[in-house]
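A.B. asks: The sequence shown begins at 6 in our numbering and counts up one residue at a time.
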Amino acid sequence: MTGFAALDPLLPETVDPGAGERLTAPLPDGREVEGVLYRARYEGWASLWRSRQAWELTPLDAELGGEAMSALLAALRHRLARESPGPDSACTVTWPSLATGVVPALLRHGFAPSAVLAVRERAPVAPVRADGVEVRAATGADAEELAGLWLDELRYAVLVGPAVNRPDAAGWLLGELRRTLERGEPVWLAESQGVPVGLAMCAWPAPAPDRIANGLWAHVGTVSVAPGARGTGVGRTLMATAHRELLARGAHGTYLFYSPHNALSSVFWHRQGYRPLWTTWEARPASALR
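1. Taking 7 Å as the limit between beta carbons, can you name the residues of its chain near P214, skipping five residues before and five after?
2. DSSP has M244 in a bridge; who is on the other side?
3. What residues in its chain sit with their C-beta under 8 Å from that of E149, if we drop five residues either side in the sequence?
4. Going by other Cβ atoms of all chains shown within 10 Å of its Cβ, with 16 needed for buried, is Q58 buried or exposed?
5. Taking only the alpha-carbon atoms, compute the straight-line gap between W193 and R113 and give it to the nearest angstrom.
6. Mind checking who L204 pairs with in its DSSP beta bridge?
7. What do you get for M6, buried or exposed, if any count of 16 or more other CB atoms within 10 angstroms of its CB means buried?
8. What first and last residue would you give for the alpha helix (DSSP H) that runs through R82?
9. Between the beta-carbon of L65 and the beta-carbon of E26, is there less than 8 Å?
10. Which residues in the same chain as S229 place their Cβ atom closer than 7 Å to its Cβ, once the five residues preceding and following it in sequence are excluded?
11. Go ahead and label V20 buried or exposed: buried means 16 or more other beta carbons lie within 10 angstroms of its beta carbon, across all protein chains shown.
12. Using a 10 Å radius around the Cβ and a threshold of 16 neighbouring Cβ atoms, would you call D147 buried or exposed?
13. Looking only at its own chain, which residues have a Cβ that is under 8 Å from the Cβ of A143, when we skip the five neighbours before and after it?
14. Please report how far the alpha carbon of P4 lies from the alpha carbon of A218, in whole angstroms.
15. Within a Cβ cutoff of 7 Å, which residues of the same chain sit near A231, ignoring the five residues on either side of it in sequence?
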């Protein structure tokens, strides 16, 4: 059995599935396919980006084919028959984006792509500047205005991806933004004539991304441009600053998550030099698993 790195050089050889329930399924040739099922509960800020209750399946075999994936998903469906998933629930499977042989099985079992982990390796950053736009490091005094931009981004993300606009969203976003600034994380604010028109929230050093091959990777968390300023170069100007600064700090590259259904971000990030590495497939609610 070869590891994930044989599929893509930026994939790790193996992926730690973490603690969870071992799920197995027999194959017609007598072999057995395995995965680890983790039942997660998301509250507060984390629940804005996913269902509150999720069954997250990690297949263990990097050479998993369509037949084996189908068998594993059938075992997952059988396992969920013992549960009572509500409407605010989901099943997810994360799999290398280039390994497309399992896609028919995922679709047949009711899954759709919901998020992509994309990477940009270290590369020169071309100078970009939108007319009349200045980019500077954000401070605690900017928190409320930045939270407003983030809330605009969330409302759009709800329309085109797995995000959920919950009643307490504004307060949770403001609280997370303040914590981010207090930790000294790199956050940039774009202004036009003194008016905030965009933000880029990043993390460096980033939490070790166990799904990316060894290296020092910075995380691009949220990039938001005010609705009235979209298409004017604000996003490109923000990211030119962020990429330049993060690479200067020693990052091997950057990674982020985007929705493949978002017609704005999927095109934007590819033009910024990002490419898909992992795709998360989701059946929502969990009862939609077939």
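Positions of the beta carbon are idealized from the N, C-alpha and C atoms, including for glycine.
C.D. replies: To lay it out plainly:
1. Counting only Cβ-Cβ distances below 7 Å, and skipping sequence neighbours, we find W222 and Y260.
2. In the DSSP output, where bridge partners are listed per residue, M244 has none listed.
3. Excluding sequence positions up to five before and after E149, its CB lies within less than 8 Å of the CB of L179, all in the same chain and listed in chain order.
4. Under this definition Q58 is a buried residue.
5. Roughly 43 Å separates the two Cα atoms.
6. Paired residue(s): L194 and S229.
7. The pLDDT assigned to M6 is 43, lower than 50, so where the model puts this residue is not dependable; a value taken from the coordinates is nonetheless given after this. If you draw a 10 Å sphere on the C-beta of M6, you find fewer than 16 other C-beta atoms in it, and that means exposed.
8. Where R82 is concerned, the enclosing alpha helix (DSSP H) stretches over G71 to L85.
9. When the beta-carbon positions are compared, L65 and E26 stay at least 8 Å from each other.
10. Cβ within range, chain order: L154, W155, D157, E158, G203 and L204.
11. With 16 or more other Cβ atoms within 10 Å, it is buried.
12. Counting Cβ neighbours within 10 Å, D147 comes out buried, since at least 16 surround it.
13. Here the set comprises L151, L186, V192, W193, L194 and L204.
14. Because the chain here runs from 6 to 295, residue 4 falls outside it and cannot be looked at.
15. Contacts found: L154, D157, V202 and G203.
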